[in-house]
Amino acid sequence: MAGAVPMVEVWRGGMAESRHRGHAVICDATGAVVRAWGEPDAVILPRSSVKMIQALPLVESGAADAAGLGSEELALACASHEGAPMHVARVAAWLDRLGLAEADLRCGAQPTRDRAERKRMLIAGEVPCQLHNNCSGKHAGFLTLSRHLGGGPDYNDTAHPVQRAVRAAFEDVTGMNSPRYGVDGCSAPNFATTMHGLARAMAFFAVARPDAPDARPRAAARLVAAMLAHPDLVAGEGRACTELMRAMDGKVAVKTGAEGVFVAILPARRLGVAVKIEDGATRASEAAIVGLLAHLGVLDRDHPAARKRLGDPIRNWRGIETGEIRLAEGFA
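Numbering follows the UniProt record's numbering, in which position 323 of the sequence shown is assigned residue number 323; successive positions increment by one, without gaps.
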């Protein structure tokens with residue numbers, strides 16, 4: 001990926017064993033770049049880091065209110081949850097209130113990431129379904145919007161009213177036309193943007209207010225508030241998004257995406273942050289976002305949730321310290 005710079009290193013035996021290169025951009029309330037590493041104009045697929053953008057039409061259209069959705073459902077619409085019982089039950093209840101069922105989803109079945117639930121299901125001989133998919137909340141949101149708009153069942157199609165609305169919102173908050181799209185793991189289209197566009201979108205969410213005169217920033221403010229109120233629904237126990245939001249006392253919203261993407265929304269600082277690791281490594285994107293949030297003064301580098309991703313030693317199966325993950329020199 002042209003213009004990527006060293007961001008995260010893995011050290012062992014007194015040498016850098018692995019190096020992860022990438023891009024990072026911080027934008028202010030005007031959408032201007034405050035600081036950048038790598039190439040701000042690099043075009044990426046933001047994957048699940050933009051679920052809050054994909055949920056904007058759900059709220060701003062009035063569909064969420066018409067369906068009686070609360071903050072828990074809005075948090076799930078932004079979530080990459082682990083398919084734990086708390087997530088599955090809530091999405092199932094949401095669909096039931098709409099008169100819909102698991103079969104109406106278009107995200108595909110996925111095994112739960114919750115260890116206790118996976119063990120229970122194996123013993124019981126149960127197979128995973130679409131409710132366990134980490135994107136089932138987003139898809140429940142798509143179904144809710146589709147019903148409100150009078151759309152057909154294939155809401156993942158780029159020509160469907162749902163995805164047309166998502167693309168319009170995406171291009172508005174990123175400040176640019178999307179040059180292409182890819183199909184995500186959940187079968188929904190994932191629109192591409194630049195690193196600058198992604199950070200600009202997060203800054204839009206950071207400055208959004210519930211009393212704004214326009215529907216879009218009001219919707220953005222509600223979605224951020226839902227994420228901050230329910231970090232356990234956005235991801236799950238042991239997951240980076242949940243643990244980091246808790247570590248920052250519900251003042252900063254963060255969201256991971258597949259293939260090394262991570263974003264942050266900082267309302268108090270009126271900043272948006274975007275990270276992309278070019279080799280797609282999650283360990284590097286988590287370390288990089290921790291480094292940036294600490295650099296911006298909103299995350300304590302010594303908090304256990306931070307040290308778990310950047311600072312704690314790497315240990316082998318006997319508990320022997322073998323190495324560490326570091327930020328590359330010159331980054332954050």
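Backbone N, C-alpha and C define an ideal beta-carbon position, used for all residues, glycine too.
Flag this pair as yes or no: are the beta carbons of residue i and residue j separated by less than 8 Å?
| i | j | result |
| --- | --- | --- |
| isoleucine 53 | phenylalanine 170 | yes |
| arginine 97 | leucine 76 | no |
| alanine 64 | threonine 144 | yes |
| histidine 23 | methionine 195 | yes |
| alanine 201 | leucine 74 | no |
| valine 207 | arginine 270 | yes |
| arginine 47 | aspartate 157 | no |
| valine 162 | glycine 151 | yes |
| leucine 56 | alanine 220 | yes |
| leucine 223 | valine 263 | no |
| lysine 51 | alanine 79 | yes |
| cysteine 107 | serine 178 | no |
| histidine 139 | alanine 109 | no |
Could you pull the DSSP bridge partners for residue i from this structure?
| i | result |
| --- | --- |
| phenylalanine 262 | Thr256 and Val275 |
| proline 313 | Glu324 |
| isoleucine 44 | Thr193 |
| alanine 235 | The partner list for alanine 235 (beta bridge, DSSP) is empty, contrary to what the question assumes. |
| arginine 12 | Met15 and Gly323 |
| residue 356 | Here the chain comprises residues numbered 1 to 332, so residue 356 is not present and cannot be evaluated. |
Would you mind working out which of the options sits nearest residue i, comparing C-alpha positions?
| i | options | result |
| --- | --- | --- |
| glycine 13 | Glu329, Glu324 and Ala332 | Glu324 |
| glycine 272 | Asn156, Phe142, Arg309 and Ser49 | Ser49 |
| asparagine 190 | Ile26, Leu149, Val207 and Leu45 | Leu45 |
| glycine 297 | Val252, Asp184 and Ser80 | Val252 |
| serine 18 | Arg120, Asp157 and Glu9 | Glu9 |
| aspartate 232 | Leu149, Pro210, Gln130 and Asp249 | Asp249 |
| proline 111 | Asp302, Leu105, Arg218 and Gln130 | Gln130 |
| alanine 328 | Ile314, Asp312, Leu299 and Ala284 | Ala284 |
| glycine 38 | Ala287, Lys276, Asp312 and Arg309 | Lys276 |
| leucine 292 | Trp11, Cys27 and Val183 | Cys27 |
| glycine 238 | Ala55, Arg47, Arg216 and Ala116 | Ala116 |
| glycine 311 | Arg301, Val261 and Gly175 | Arg301 |
| glycine 280 | Arg21, Ser146 and Trp11 | Arg21 |
| alanine 258 | Gly319, His230 and Gly182 | Gly182 |
| threonine 30 | Thr193, Ala159 and Phe205 | Phe205 |
| alanine 243 | Gly83, Ala305, Thr256 and Gly70 | The displayed chain sequence assigns glutamate, not alanine, to residue 243. Answer by Cα proximity: Ala305. |
The beta strand (DSSP E) spanning residue i covers which residue range?
| i | result |
| --- | --- |
| isoleucine 26 | 15-27 |
| valine 127 | Unbroken run through valine 127: none, as it is neither H nor E. |
| leucine 327 | 321-327 |
| arginine 35 | 33-37 |
Taking residue i as part of the alpha helix (DSSP H), name the residues at either end of that continuous run.
| i | result |
| --- | --- |
| methionine 86 | 85-97 |
| residue 362 | Residue 362 lies beyond the range of the chain shown here (1 to 332); nothing can be said about it. |
| threonine 282 | 282-295 |
| valine 224 | 215-229 |
| threonine 242 | 240-247 |
| alanine 306 | 304-307 |
| glutamate 60 | 56-60 |
| glutamate 73 | 71-77 |
| aspartate 65 | 63-66 |
With a cut-off of 8 Å, does the C-beta of residue i fall near any C-beta of chain C?
| i | result |
| --- | --- |
| glutamine 54 | You won't find chain C in this structure, because it holds only one protein chain. |
Whole runs of the alpha helix (DSSP H) within the segment 150-197, excluding any shorter than 4 residues: 161-174
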